[in-house]
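S.K.: Okay, here's the structure, questions in a sec.
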Amino acid sequence: MNKPLRRIAIFCGILILALLLRDNWLQYVKADELQKNKHNRRVLIARYAQPRGNIIVDGKPITGSVETKGIDFKYKRTYKDGEMWAPVTGYASQVYDATQLEKLNDSILTGDDDRLFFNRTIDMLTGKERKGGDVITTLNAKAQKAAFEGLGDKKGAVAAIDPRTGKILALASTPSYDPSTIAGGTDKDAKAWKALDKKNNPDDPMLNRALRQTYPPGSTFKVVTAAAAFENGTYKSPDEPTNSPFPWTLPQSRTPLKNEGNIYCKNVTLREALRISCNTVFGKLGDDVGQEKMREQAEKFGFNSEVFTPVRAEASVYAKGMDRAGNAQSSIGQFNTRATPLQMAMVASAIANDGKLMEPYMVDKLRAPNLNDIEQHSPKEMSQAVSSETAAKLQDMMKTVVEKGTGTMARIPGYDVGGKTGTAQHGVNNSDSPYAWFISYAKNKEGEPAVAVAVVIESSNTLRDDVAGGKLAAPIARDVMKAVLDSNK
Amino acid sequence: MSSTSNTTTISTVGPPSRRNTELAMLAFAVIIPIFAYANVGLAMSDELPSGLLNYGLGLGFLAAVGHLVVRKWAPYADPLLLPLATLINGLGLVIIWRLDQSRRLAARAEAAGQTFTAAAPRQLMYSALGIALFVAVLLLLKDHRKLQRYTYISMFFSIVLLLLPLVPGLGMNVFGARIWISVAGFSIQPAEFAKIVIAVFFAGYLMVKRDALALASRRFMGMYLPRGRDLFPILTVWAISILILVFETDLGTSLLFFGMFVVMLYVATERTSWIVFGLLMSAVGAVTVGSIEPHVKTRVDAWLDPFAAFDNGTTDQIAQAMMAFGSGGTVGTGLGQGNSDLIGFAANSDFILATVGEELGLAGTMAILLVYALIVERGARTALAARDPFGKMLAIGLSAAFAIQVFVVAGGVMGLIPLTGMTMPFMAYGGSSVIANWALIAVLIRISDTARRPAPAPAPSPDAEMTQVVRP
Numbered sequence: 001m002n003k004p005l006r007r008i009a010i011f012c013g014i015l016i017l018a019l020l021l022r023d024n025w026l027q028y029v030k031a032d033e034l035q036k037n038k039h040n041r042r043v044l045i046a047r048y049a050q051p052r053g054n055i056i057v058d059g060k061p062i063t064g065s066v067e068t069k070g071i072d073f074k075y076k077r078t079y080k081d082g083e084m085w086a087p088v089t090g091y092a093s094q095v096y097d098a099t100q101l102e103k104l105n106d107s108i109l110t111g112d113d114d115r116l117f118f119n120r121t122i123d124m125l126t127g128k129e130r131k132g133g134d135v136i137t138t139l140n141a142k143a144q145k146a147a148f149e150g151l152g153d154k155k156g157a158v159a160a161i162d163p164r165t166g167k168i169l170a171l172a173s174t175p176s177y178d179p180s181t182i183a184g185g186t187d188k189d190a191k192a193w194k195a196l197d198k199k200n201n202p203d204d205p206m207l208n209r210a211l212r213q214t215y216p217p218g219s220t221f222k223v224v225t226a227a228a229a230f231e232n233g234t235y236k237s238p239d240e241p242t243n244s245p246f247p248w249t250l251p252q253s254r255t256p257l258k259n260e261g262n263i264y265c266k267n268v269t270l271r272e273a274l275r276i277s278c279n280t281v282f283g284k285l286g287d288d289v290g291q292e293k294m295r296e297q298a299e300k301f302g303f304n305s306e307v308f309t310p311v312r313a314e315a316s317v318y319a320k321g322m323d324r325a326g327n328a329q330s331s332i333g334q335f336n337t338r339a340t341p342l343q344m345a346m347v348a349s350a351i352a353n354d355g356k357l358m359e360p361y362m363v364d365k366l367r368a369p370n371l372n373d374i375e376q377h378s379p380k381e382m383s384q385a386v387s388s389e390t391a392a393k394l395q396d397m398m399k400t401v402v403e404k405g406t407g408t409m410a411r412i413p414g415y416d417v418g419g420k421t422g423t424a425q426h427g428v429n430n431s432d433s434p435y436a437w438f439i440s441y442a443k444n445k446e447g448e449p450a451v452a453v454a455v456v457i458e459s460s461n462t463l464r465d466d467v468a469g470g471k472l473a474a475p476i477a478r479d480v481m482k483a484v485l486d487s488n489k
Numbered sequence: 001m002s003s004t005s006n007t008t009t010i011s012t013v014g015p016p017s018r019r020n021t022e023l024a025m026l027a028f029a030v031i032i033p034i035f036a037y038a039n040v041g042l043a044m045s046d047e048l049p050s051g052l053l054n055y056g057l058g059l060g061f062l063a064a065v066g067h068l069v070v071r072k073w074a075p076y077a078d079p080l081l082l083p084l085a086t087l088i089n090g091l092g093l094v095i096i097w098r099l100d101q102s103r104r105l106a107a108r109a110e111a112a113g114q115t116f117t118a119a120a121p122r123q124l125m126y127s128a129l130g131i132a133l134f135v136a137v138l139l140l141l142k143d144h145r146k147l148q149r150y151t152y153i154s155m156f157f158s159i160v161l162l163l164l165p166l167v168p169g170l171g172m173n174v175f176g177a178r179i180w181i182s183v184a185g186f187s188i189q190p191a192e193f194a195k196i197v198i199a200v201f202f203a204g205y206l207m208v209k210r211d212a213l214a215l216a217s218r219r220f221m222g223m224y225l226p227r228g229r230d231l232f233p234i235l236t237v238w239a240i241s242i243l244i245l246v247f248e249t250d251l252g253t254s255l256l257f258f259g260m261f262v263v264m265l266y267v268a269t270e271r272t273s274w275i276v277f278g279l280l281m282s283a284v285g286a287v288t289v290g291s292i293e294p295h296v297k298t299r300v301d302a303w304l305d306p307f308a309a310f311d312n313g314t315t316d317q318i319a320q321a322m323m324a325f326g327s328g329g330t331v332g333t334g335l336g337q338g339n340s341d342l343i344g345f346a347a348n349s350d351f352i353l354a355t356v357g358e359e360l361g362l363a364g365t366m367a368i369l370l371v372y373a374l375i376v377e378r379g380a381r382t383a384l385a386a387r388d389p390f391g392k393m394l395a396i397g398l399s400a401a402f403a404i405q406v407f408v409v410a411g412g413v414m415g416l417i418p419l420t421g422m423t424m425p426f427m428a429y430g431g432s433s434v435i436a437n438w439a440l441i442a443v444l445i446r447i448s449d450t451a452r453r454p455a456p457a458p459a460p461s462p463d464a465e466m467t468q469v470v471r472p
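The listed protein sequences correspond, in order, to chains D and G.
For the first sequence, the UniProt record's numbering puts the final residue at 489, and the numbers step up evenly by one.
For the second sequence, the UniProt record's numbering puts the final residue at 472, and the numbers step up evenly by one.
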């Protein structure tokens, strides 16, 4: 009877062995994966177990942490001027995870990053509470304020870049939200979250319009078309008369391309065409340059690819495989052409910076809790979008627009400013009220390009005639540029 | 001549009683949980817990009572069973006390409109009752072979115990499983007690029928096929297991009884065919019921994809338990510093092993599992050492049941098999489990004492020649 007894003993041993193997599988092989599982609340608990590091603008934190009485979380995230900065910071919530800078730099902010290992060990040995590192941004508080206040209760977005480096100076989006309201775990936070949800809120306040929303760029895209024309030698000078019939019918179709208002566009120079924003001239110009070359030029400015600032910006679009009529319409920023405000700011920035496009970024450096720098971002050149000669011609033309064209509202006395207005139609049969655009750059007293900016306003509650980019968007761009120029003094 | 006299000398003196080994081991079994208790207090509130002295004295007292009773009434018993059980019981108490301190569980109870009461003091009381039953068994049961007389009464009792949860007004439905009954405000899990009683019945019954079951068979494809009428008992037990599964919707209890029966049947007959039949029948039963019965099906689904719970809103306990294990890693967070209370419901009973996993890590969990393995091993060794077939069968039946229970519970919590409503013996919070398992240890101690006692010839047994005495 002992032989089966031994076998049963072995069987019991196998049962225990199976448990031991499973335990090793869970606690050794899969441990890391289970620890970091998105459903593992311990990740959140650890995230708020110590004061979170801060996001810093102009040397001052725009975030903070407060101690809470919650069971799971010791600290809660707070924001200063949350609505204004939300497109930069994103949010860090005890319930709804985190987004944008808060998410991308989470390991630095919580102090969990491998590069902070040494700090952590020292803190542990000296019995100090663990602290998170800081994220130092490139933003300019005054410019951001000008952008946010300029947008006011209108729906829209502003992006401003330093053309010399690619530093993002302002990034505003309205309507916005205060991330403080959803940072905690209370019913109040849940209610606020629900109210912000796209499903319940047609304004979608959590959408970062400056980076994530693409709009038809309208007439502001004409500078890209002009750039393509100069680069490909279609025209040599802004002041030579163009071969532009009026009225002009879209190629391979019977639809005439219309101009806004009663303007004279027949065979005008490019400078004049840009000043008064002739659709017929630039539509034909796009057709003359050709779809391939147009797309190449747009892509040199950054179209058709996502940009990581490090927060991802949606790819702007200059479409492929359109017919000639489509290409002509795309050349005046309609049809399939779509751009984010950041993209149009990049266009202005490349032109202002003698054709050199710098990669936009908003994190200057990451700083350890002991104030040592962990990582310093150095400016990178993205592409030579146009030659410096072309850039000079375009600057000249854009200056004319501001001095005596549609963009006079953007003038800043004593400074060299160039810009372009845009009024983009959208909706079925253009039934919705158009988007008002303005892109511009300004040079400082030394003649260096100090700021490039793009403003878009979805003017759903303004009269159609009133919507020209020059009236709505240009003043905001001017205020943002002025804020940057003033702070550089 | 000298060699003959030597042998005689040894047999009259007999094997050493090993009681002092047991005492030394018991000291460890008491001291380790006391340190663990102090550790929890220091980790959670930066001071030695105020109950440390009471707890230490309580556990020490229980161990001392157990030891003295064994020393007096079962002097030749296995020296490890009592310390191993004490160790797990003590550690279980510490972890239950640690979970009593959880603000999260308190808030959870409050939100559900219940009062959050400390479980550790009650568990200590249950442990005392368990030791009392342990003492009672050793005092009243001077020879385990007496149990043989109660074979059919045991059968009757075990069936009554198993069916009690189905009696209206008495049984309680807790989260879909009907395995508890409520008597005078206490909830009791009769299956825990039935486990021991039914082992007595199986042992008694199979000892009488083993020859018939083993010999009257036909050979077919290298296997001995039993006769149709001999299949009756296994079919009956199978049917009862299925009934438990269907009406009490508890896979664990069902698996435990059927597994125990197949193991004992195999030991009694030495026929591998029974194992094959047993596996086939349990597979058929489990698959059929698992795909029909909604409660069982839910548990199977939760096992197949634990993380689906977050999307479809079913219970996330298994996923939480797995994340607790994973977050513990190799060495764990340290007692009192984990977040295993995120599991919520049944954190200190069914899921107590997850707390061990998170706070003591892979190392601690494996140590605990090996302590369970040692208990089973001592039980199996007792079965080998026993001189009578009834004792052998009872000892191996109880040990195997213990092993299966550990496997079913730990496997369920770790996501190896579908979760069942049973608890880790000695460790988990629950009166029935602690009390019944102390009785189980008492029976094993009684059998091992009888086996190793240098008594004059043991009761005549048809199996005596084949019995091999193995000294532990």
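Just so you know, even glycine gets a beta-carbon here, dropped at the ideal spot from N, CA and C.
#1: Measuring alpha carbon to alpha carbon, tell me which residue in D:K404, D:L472, D:A392 is nearest E448 (chain D).
#2: Using a Cβ-Cβ cutoff of 8 Å, what residues of the region 30 to 45 of chain D are near chain G? List them in chain order.
#3: Determine the direct distance from the alpha carbon of Y318 (chain D) to that of N267 (chain D), and round the result to whole angstroms.
#4: I'd like to know whether the C-beta of A9 (chain D) is nearer than 7 Å to at least one C-beta of chain G.
#5: For Y266 (chain G), return the contacting residues in chain D, with the cut-off set at a CB-CB distance below 9 Å.
#6: From G:A203, G:A194, G:V137, pick the residue whose C-alpha is nearest to that of T151 (chain G); which is it?
#7: With a 10 Å radius around its C-beta and 16 neighbouring C-beta atoms as the bar for buried, classify S176 (chain D) as buried or exposed.
#8: Which residues, in chain order, does the region 81 to 111 of chain G contribute to contact with chain D at a C-beta distance below 7 Å?
#9: CA-CA distance, F258 (chain G) and V331 (chain G)?
#10: Any C-beta of chain D sitting closer than 7 Å to the C-beta of G412 (chain G)?
#11: Please name the residue, chosen from G:V289, G:M281, G:G92, G:Y205, that lies closest to Y429 (chain G) on a Cα-to-Cα basis.
#12: Name the chain D residues whose beta carbon is nearer than 9 Å to that of I404 (chain G)?
#13: The alpha helix (DSSP H) that contains R209 (chain D), what's its start and end?
#14: One question on the structure: do S399 (chain G) and G379 (chain G) come within less than 7 Å of each other, judged by their Cβ atoms?
#15: Counting contacts by CB-CB distance shorter than 7 Å, is M124 (chain D) in contact with chain G?
#16: Give me, in chain order, the residues of the same chain whose beta-carbon lies closer than 6 Å to that of T400 (chain D); leave out the 5 immediate sequence neighbours on both sides.
#17: Please name the residues in the region 184 to 212 of chain G whose beta-carbon is closer than 7 Å to at least one beta-carbon of chain D, in chain order.
#18: Out of D:G53, D:A172, D:S305, which has the shortest C-alpha to C-alpha gap to F148 (chain D)?
#19: By how many angstroms is the C-alpha of R104 (chain G) removed from the C-alpha of V296 (chain G)?
#20: Would you check if there are 3 or more beta carbon pairs closer than 8 Å linking the region 372 to 389 of chain G to the region 11 to 25 of chain D?
#21: Just to make sure I have the definition right: I need the residues of chain D whose C-beta is within less than 8 Å of the C-beta of S327 (chain G). Which are they?
#22: Taking the alpha-carbon of V484 (chain D) as reference, which of D:K38, D:K60, D:Q144, D:R77 has the nearest alpha-carbon?
#23: Just the Cα atoms here: how many angstroms apart are I8 (chain D) and A403 (chain G)?
#24: Can you tell me the Cα-Cα spacing of C265 (chain D) and N304 (chain D), whole angstroms?
#25: Taking any Cβ of chain D, which residues in the region 326 to 358 of chain G have a Cβ under 7 Å from it, in chain order?
#26: Using a Cβ-Cβ cut-off of 7 Å, state whether F277 (chain G) counts as contacting chain D.
#27: To which residues of the same chain is G469 (chain D) closer than 6 Å at the C-beta, ignoring the five residues directly before and after it?
#28: Mind pulling the chain D residues with CB within less than 8 Å of P389 (chain G)?
#29: Which residues in the same chain as F335 (chain D) place their Cβ atom closer than 6 Å to its Cβ, once the five residues preceding and following it in sequence are excluded?
#30: Cβ atoms of R178 (chain G) and E248 (chain G): under 7 Å apart, would you say?
#31: Let me check you understand the geometry: is the CB of T400 (chain D) closer than 6 Å to at least one non-hydrogen atom of the ligand ATP?
#32: Assuming the contact rule is C-beta atoms closer than 8 Å, S102 (chain G) and D316 (chain G) should be a hit. Round their C-beta distance to whole Å, please.
#33: So what does A452 (chain D) bridge to, in DSSP terms?
#34: Taking buried to mean at least 16 other C-beta atoms within 10 Å of its own C-beta, is D466 (chain D) buried or exposed?
#35: Run down chain D in chain order and give the residues with a C-beta less than 9 Å from the C-beta of T288 (chain G).
#36: So, is L19 (chain D) buried or exposed, given that buried needs 16 or more other C-beta atoms within 10 angstroms?
M.R.: Taking the definition as stated:
#1: D:A392
#2: K30, A31, D32, E33, L34, Q35, N37, H39, N40, R41, R42, I45
#3: 27 Å
#4: yes
#5: P4, R7, I8
#6: G:A203
#7: buried
#8: R103, R104, A107
#9: 37 Å
#10: no
#11: G:G92
#12: C12, L15
#13: 209 to 212
#14: yes
#15: no
#16: R271, R275
#17: none
#18: D:A172
#19: 29 Å
#20: yes
#21: A31, L34, Q35, N40, R42
#22: D:Q144
#23: 10 Å
#24: 31 Å
#25: G326, S327, G328, G329, T330, N339, L342, G357
#26: no
#27: T421, G422, T423, A436, W437, F438
#28: M1
#29: G326, Q329
#30: yes
#31: Questions concerning the ligand ATP fall outside what the structure shown contains, since it holds no ligand whatsoever.
#32: Rounded, the Cβ-Cβ distance is 17 Å, inconsistent with contact.
#33: D:I161, D:Y441
#34: Legend: pLDDT at D466 (chain D) = 47, less than 50; position of this residue unreliable, no value from coordinates given.
#35: Per Cβ cutoff of 9 Å: no residues; T288 (chain G) is ~24 Å from chain D at best.
#36: buried
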